[in-house]
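Sequence order for the protein chains is G and H.
When we follow this note's numbering, the leftmost residue of the first sequence carries the number 172, and every step to the right adds one.
When we follow this note's numbering, the leftmost residue of the second sequence carries the number 441, and every step to the right adds one.
Written out below as structure tokens is the structure these notes cover.
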Amino acid sequence: MIGEISHLLSLSAVLLLSLVLIFNLFFSFNQSHSNQLILSMRLFNQACWLVFISFGIYIYLAISDDFSIAYIANHSNSQLPIFYKVTSIWSAHEGSMFLWIVFLIAWSFLFINALDKNHPLKKPTLLMLSLIILGFLLFLLITSNPFERILPFGAIEGADINPVLQDPALAIHPPMLYLGYVGFVISFSFITAYLFHGDFKLDWEQDIKNWSLVAWIFLTIGIALGSWWAYYELGWGGYWFWDPVENVALMPWLAATAFMHSLFASSKSDVLKTWTMFLGILIFALSLFGAFIVRSGIIDSVHSFANDPERGLYLLSFSGSITLLALSVFAYRLPSLKSSKLVVSGSKESFLSMNNILMITSIFSIFLGVTYPLIIESINGDKVSIGPPYYNTIFAPLILIAAVFIMISVDALWQRSMSLRSLFITMAIPTFLSFVSMYLIWTFASVFSLLAYIGIFSGLLIIFSYLYRIINNFFNKKYINKGSAVAHLGLGLLFFAVSMNSIFSYEKNLNLAPGQSISVNESVQEFYFKDIRVFSASNHDVISAEVSLLHDGKEISLNPQKRKYATRGQITSESAIHASFLKDTYLTIGDQLENSSWTFSLKINYFIKWIWFSAALMVLGIFLTIFKKKAS
Amino acid sequence: MNQSLRILIILLPIFILVFFTKILLVDEDLKLSSFEAKNFPAFELDDLNGRRVQSESLNGIKLLNVWASWCITCLVEHPFLTKLSKNNVEIIGLNYKDSKSKANSWLKKHGNPYLFSIYDPRGDLAFDLGVTGAPETYLLIDSKVVGHIQGEMNQQKWETIFMPLIQQATQRK
Numbered sequence: 172m173i174g175e176i177s178h179l180l181s182l183s184a185v186l187l188l189s190l191v192l193i194f195n196l197f198f199s200f201n202q203s204h205s206n207q208l209i210l211s212m213r214l215f216n217q218a219c220w221l222v223f224i225s226f227g228i229y230i231y232l233a234i235s236d237d238f239s240i241a242y243i244a245n246h247s248n249s250q251l252p253i254f255y256k257v258t259s260i261w262s263a264h265e266g267s268m269f270l271w272i273v274f275l276i277a278w279s280f281l282f283i284n285a286l287d288k289n290h291p292l293k294k295p296t297l298l299m300l301s302l303i304i305l306g307f308l309l310f311l312l313i314t315s316n317p318f319e320r321i322l323p324f325g326a327i328e329g330a331d332i333n334p335v336l337q338d339p340a341l342a343i344h345p346p347m348l349y350l351g352y353v354g355f356v357i358s359f360s361f362i363t364a365y366l367f368h369g370d371f372k373l374d375w376e377q378d379i380k381n382w383s384l385v386a387w388i389f390l391t392i393g394i395a396l397g398s399w400w401a402y403y404e405l406g407w408g409g410y411w412f413w414d415p416v417e418n419v420a421l422m423p424w425l426a427a428t429a430f431m432h433s434l435f436a437s438s439k440s441d442v443l444k445t446w447t448m449f450l451g452i453l454i455f456a457l458s459l460f461g462a463f464i465v466r467s468g469i470i471d472s473v474h475s476f477a478n479d480p481e482r483g484l485y486l487l488s489f490s491g492s493i494t495l496l497a498l499s500v501f502a503y504r505l506p507s508l509k510s511s512k513l514v515v516s517g518s519k520e521s522f523l524s525m526n527n528i529l530m531i532t533s534i535f536s537i538f539l540g541v542t543y544p545l546i547i548e549s550i551n552g553d554k555v556s557i558g559p560p561y562y563n564t565i566f567a568p569l570i571l572i573a574a575v576f577i578m579i580s581v582d583a584l585w586q587r588s589m590s591l592r593s594l595f596i597t598m599a600i601p602t603f604l605s606f607v608s609m610y611l612i613w614t615f616a617s618v619f620s621l622l623a624y625i626g627i628f629s630g631l632l633i634i635f636s637y638l639y640r641i642i643n644n645f646f647n648k649k650y651i652n653k654g655s656a657v658a659h660l661g662l663g664l665l666f667f668a669v670s671m672n673s674i675f676s677y678e679k680n681l682n683l684a685p686g687q688s689i690s691v692n693e694s695v696q697e698f699y700f701k702d703i704r705v706f707s708a709s710n711h712d713v714i715s716a717e718v719s720l721l722h723d724g725k726e727i728s729l730n731p732q733k734r735k736y737a738t739r740g741q742i743t744s745e746s747a748i749h750a751s752f753l754k755d756t757y758l759t760i761g762d763q764l765e766n767s768s769w770t771f772s773l774k775i776n777y778f779i780k781w782i783w784f785s786a787a788l789m790v791l792g793i794f795l796t797i798f799k800k801k802a803s
Numbered sequence: 441m442n443q444s445l446r447i448l449i450i451l452l453p454i455f456i457l458v459f460f461t462k463i464l465l466v467d468e469d470l471k472l473s474s475f476e477a478k479n480f481p482a483f484e485l486d487d488l489n490g491r492r493v494q495s496e497s498l499n500g501i502k503l504l505n506v507w508a509s510w511c512i513t514c515l516v517e518h519p520f521l522t523k524l525s526k527n528n529v530e531i532i533g534l535n536y537k538d539s540k541s542k543a544n545s546w547l548k549k550h551g552n553p554y555l556f557s558i559y560d561p562r563g564d565l566a567f568d569l570g571v572t573g574a575p576e577t578y579l580l581i582d583s584k585v586v587g588h589i590q591g592e593m594n595q596q597k598w599e600t601i602f603m604p605l606i607q608q609a610t611q612r613k
């Protein structure tokens with residue numbers, strides 16, 4: 172009964188949103204008619220509340236173990252703690268789509284109500300948002316209904332959550348990522364509304380700037396958390412795999428980063444306006460493409476949901492239609508948009524647009540990497556896989572060029588060209604320092620990899636130029652954009668950490684019986700496998716190894732585990748990690764061999780924590796930017 | 441230039457849409473041959489009776505069941521496998537991390553539904569196959585791995601997972 176109420180509320184939201192669209196599209200085109208807008212806003216807000224309440228009830232259903240609802244029966248269990256009963260809602264397709272839509276509605280609701288009631292774009296934006304929400308609500312209710320009942324008798328017990336997802340990170344990684352993805356519905360709808368409306372004297376940048384920055388923060392945190400989860404919790408042994416689903420999250424991120432930059436340029440000095448609009452549309456289009464890739468089952472990946480072509484077709488046609496709608500208006504209005512100023516070469520904008528081009532190039536390269544196997548397969552049926560070497564090779568030179576432009580633009584001015592002399596001065600010191608540091612690293616490292624050294628050099632270049640600038644400006648009491656400095660330091664540190672990690676990290680596979688001890692290398696002097704224990708925990712059996720290491724003169728004890736879950740019979744591996752400032756010691760236990768010895772995989776990962784620290788710096792930088800804007 | 445750019449902005453997404461629609465529609469019938477099927481890994485092993493196993497013996501439609509005498513769930517699914525073999529489904533065993541004597545006495549005690557059982561005491565072949573534990577069951581069609589079930593094999597899984605795959609494969613021929 173309660174389930175039906177929840178279902179009915181979502182259905183009523185569909186009705187209300189359809190009313191908003193019908194009412195505005197067919198009955199009046201008079202834009203100054205304010206009562207019509209007031210009524211539409213009320214209908215829209217009520218539709219939003221209906222879905223929020225419907226989702227609230229759905230959470231209650233999950234907590235109260237209503238296993239007559241098929242989705243809850245398949246993904247939850249009465250033995251689960253309440254925390255996991257709630258997170259199990261987004262552990263598979265239907266529920267996570269529901270959450271996705273709730274977030275979509277939340278962003279739209281907040282934005283449209285924050286917009287001034289006399290804003291000329293309020294009505295077209297409202298219509299765009301209603302259309303998008305309606306399309307996805309219908310997708311949810313028609314192809315992936317989370318409210319479906321098991322009739323006539325419900326299940327007595329739930330099938331349990333996938334044990335891999337029985338992790339606190341599940342509570343936060345998907346929601347953050349979704350908040351980021353759907354947050355760009357605002358720039359998408361607002362820009363499309365602007366293009367529809369056709370009054371190009373209006374300023375649109377300020378209205379969506381902070382919304383886009385906040386969405387960018389969520390997207391960045393979401394991606395970083397995903398990689399943190401894979402490394403620390405899931406025991407995948409790495410932080411980034413160029414998996415198709417990681418790639419489809421990276422594409423909107425790159426587009427959003429490019430958008431952010433050109434948004435600054437376009438609001439500061441009236442350049443790149445058309446380009447910025449295109450990016451604003453592109454981000455959400457890429458987010459939708461991501462949703463399509465993950466939910467259609469077209470690509471095999473760790474993240475894919477069950478394969479269902481019907482869902483794929485619906486998602487593809489709906490996402491495609493609204494993207495095409497936006498791009499068509501854009502193309503139609505293109506000739507009348509040519510009013511923005513030209514970029515002065517040698518100005519800050521010019522370097523910024525160069526980096527914009529680089530980001531688009533990387534988006535295109537990733538897109539090609541994702542689709543190339545599909546293209547080849549559709550032509551001759553061969554399976555090809557595109558892995559890290561492709562991406563590393565493509566990204567290394569792009570990163571270097573980007574770093575050089577970032578370094579130059581630190582000192583460049585808006586709208587004014589830069590003299591050759593000051594260009595030389597800006598570049599000389601950071602370049603010199605980077606070469607010296609790289610030489611020092613070179614003497615320490617035993618491996619040579621051109622790509623990794625390009626990455627290290629690029630990272631150092633960015634770090635040194637900003638550090639030099641900060642120190643310089645501090646003594647000269649000159650102004651520096653703190654947000655930008657912190658965010659770019661984060662980026663430089665990211666390049667540096669990723670490349671250092673790839674050079675210095677190594678892996679050893681070991682083979683020991685309990686009680687045995689061996690010396691691995693001069694750094695890990697002793698590896699002592701003390702004992703192995705088998706015991707039962709609440710819903711799984713555990714095999715736990717006790718290992719102690721003498722690593723760089725320090726004694727570390729580690730307990731890698733294997734778990735077997737009762738309900739699903741699934742086996743998961745829990746790595747043991749010891750973290751220090753420079754490196755992580757990462758130990759996984761493998762199989763038991765015939766002679767009662769066990770296999771271990773020991774990984775020493777350098778600079779890995781720095782990767783997430785640099786992501787945090789970038790997020791902090793954008794926070795500073797938002798609050799600086801608020802203060803002024 | 442401007443005109444062609446405008447056309448490109450619209451044509452490129454349409455092209456991408458058409459491409460993915462095509463993939464989605466083709467996906468349906470290709471699922472069998474290209475999305476799951478991979479070649480059975482090369483191996484050189486004996487069966488439980490000490491006879492060398494030929495890779496030709498994997499031709500045709502066969503089930504490969506990973507089992508061991510220490511595995512409790514294997515005992516649970518044993519009656520169903522026996523039923524399948526009586527209905528002329530050809531099942532090959534992969535005896536996993538077990539000893540020959542224990543395995544043979546297990547078969548003697550509970551009955552032998554297998555044509556033969558490959559003896560893989562160190563789990564080498566199992567490793568190449570991607571086995572995570574016993575029991576697991578693979579559907580092989582002409583030495584290609586077409587389907588895969590982890591955990592207990594039963595009537596429901598047989599009907600919903602393997603039967604459709606077998607039907608698709610026979611229709612193709």
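Note that the Cβ used here is the ideal one computed from N, Cα and C, for glycine as well.
In this structure, V185/G places its C-beta atom within 8 Å of the C-beta atom of L308/G.
Any Cβ of chain G closer than 8 Å to the Cβ of L457/H would place that residue at the interface, and such an atom is present. The Cβ atoms of A567/G and L498/G do not sit closer than 8 Å to each other.
For N535/H, the secondary structure class from DSSP, reduced to helix, strand or coil, is strand. In summary, K548/H is exposed, with fewer than 16 beta-carbon neighbours lying within 10 Å of its beta-carbon over all protein chains present. Interface criterion met: the Cβ of T494/G is under 8 Å from a Cβ in chain H. Apart from the 5 residues on each side of it in sequence, F628/G sits with its Cβ closer than 6 Å to the Cβ of S605, M609 in its chain, given in chain order. When 9 Å is used as the limit between beta carbons, P604/H is near no residue of chain G, the shortest such separation being about 13 Å. Within a 10 Å sphere around the beta-carbon of N245/G sit 16 or more other beta-carbons, which makes this residue buried. Against chain H, the CB of P480/G has a partner CB under 8 Å away; the residue lies at that interface.
Cβ atoms of M578/G and L632/G come within 8 Å of each other, at about 5 Å.
Secondary structure of D582/G (DSSP, three-state): helix.
In the three-state DSSP reduction, Y554/H falls in the coil class, being neither helix nor strand.
Uninterrupted beta strand (DSSP E) stretches at least 3 residues long and entirely within the stretch 693 to 773 of chain G occur at 695 to 707, 711 to 722, 725 to 729, 732 to 736, 742 to 745, 747 to 750, 754 to 763, given in chain order. Under DSSP, the beta-bridge partners assigned to V506/H are L534/H, E576/H. Annotation for L505/G: no beta strand (DSSP E) segment contains it, and DSSP assigns it neither H nor E. Here the C-alpha atom of L758/G lies approximately 10 Å from the C-alpha atom of L720/G. Taking 8 Å as the cut-off, the Cβ atoms of I362/G and M448/G count as close.
The DSSP-derived three-state label of K294/G is helix. Judged by DSSP in its simplified three-state form, E520/G adopts helix. With a threshold of 8 Å between beta carbons, R446/H makes contact with chain G.
According to the DSSP assignment, K439/G belongs to the alpha helix (DSSP H) that extends over 415 to 440. Interface flag for I469/G against chain H is set, since a Cβ pair is found closer than 8 Å. Assignment of Y610/G by DSSP, reduced to helix, strand and coil, places it in the helix class. Contact between the stretch 483 to 494 of chain H and the stretch 484 to 497 of chain G is absent: fewer than 3 CB-CB pairs across the two stretches fall below 8 Å. Not a single C-beta of chain H is nearer than 8 Å to the C-beta of A750/G. For K679/G, there is no enclosing alpha helix (DSSP H); the residue is found in the beta strand (DSSP E) stretching over 677 to 683.
For K584/H, the enclosing beta strand (DSSP E) has its first and last residue at 584 to 590. When the alpha-carbon of H290/G is set against those of H368/G, S655/G, A456/G, L188/G, the nearest one is in H368/G. Counting only Cβ-Cβ distances below 8 Å, P544/G has no contacts in chain H at all, with the closest Cβ about 11 Å away. Following the DSSP letters along the chain, one finds K444/G inside the alpha helix (DSSP H) bounded by residues 444 to 467. In the DSSP assignment, C219/G falls within the alpha helix (DSSP H) that extends over 205 to 234. When the beta-carbon positions are compared, L569/G and T532/G come within less than 8 Å of each other. Under DSSP, R492/H shares a beta bridge with D486/H. S541/H and N527/H have their alpha carbons spaced roughly 28 Å apart. The beta carbon of G491/G sits closer than 8 Å to some beta carbon of chain H.
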